[in-house]
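Numbered continuously in my numbering, the sequence shown closes out at residue 129.
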Amino acid sequence: MDFKAVEQRLKGLTCPVCKTSHDFMIPPDSRITDGEYKAYCQGCRYSMPVHMDMEGYLRNQPDVPYWLKGMRCPACEKTGASLDFWVQPSVRGAFYFVTCNACKQGFFEKSSLEAFE
Ligand SMILES: [Zn+2]
Ligand SMILES: [Zn+2]
Numbered sequence: 013m014d015f016k017a018v019e020q021r022l023k024g025l026t027c028p029v030c031k032t033s034h035d036f037m038i039p040p041d042s043r044i045t046d047g048e049y050k051a052y053c054q055g056c057r058y059s060m061p062v063h064m065d066m067e068g069y070l071r072n073q074p075d076v077p078y079w080l081k082g083m084r085c086p087a088c089e090k091t092g093a094s095l096d097f098w099v100q101p102s103v104r105g106a107f108y109f110v111t112c113n114a115c116k117q118g119f120f121e122k123s124s125l126e127a128f129e
């Protein structure tokens, strides 16, 4: 997963602070920890964490693979997707960016973190 690809995918998101869909930028020096970076809103400079170490994440969150299996693709309506990365625009929720296993369409799902608390 490279930064440019992630930035492309983030274009569909609305900034939780300025409520506009400005582009989010991920400067390579925004590294927080291994696999974790910051994406900045180009409008208001709000930053949110981007998690890209999916292998480590899925190891620690055994519920998530089950959730992905039941995820329905908006393009082909088949179920089953793989997780590419996820962002956390606010403490209450996250966006999971996934790719459909059947047709390789990328889409994202909003999730409240309640299920994982
Ligand atoms: Zn903003
Ligand atoms: Zn699909």
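The C-beta atom is built at its ideal place from N, Cα and C for all residues, glycine as well.
| Taking Cβ positions, are T32 and G55 nearer each other than 9 Å? | yes
| field | For A17 and A93, the rounded distance between their alpha carbons | value | Rounded to whole angstroms, the gap between the alpha carbons of A93 and A17 is 18 Å.
| said: My output table needs one value for E121: the three-state DSSP class, helix, strand or coil. | reply: strand
| Whole runs of the alpha helix (DSSP H) within the region 36-105, excluding any shorter than 4 residues | Complete alpha helix (DSSP H) runs here, min 4: 66-72, 75-81.
| field | Presumed contact (8 Å Cβ cut-off) between L95 and M66, rounded CB distance | value | 5 Å
| query | Any chance the CB of V29 is under 8 Å from a heavy atom of ligand 1? | reply | yes
| K81: beta carbon under 8 Å from a heavy atom of ligand 2? | no
| DSSP beta-bridge partners of V110 | Answer is L95, F119.
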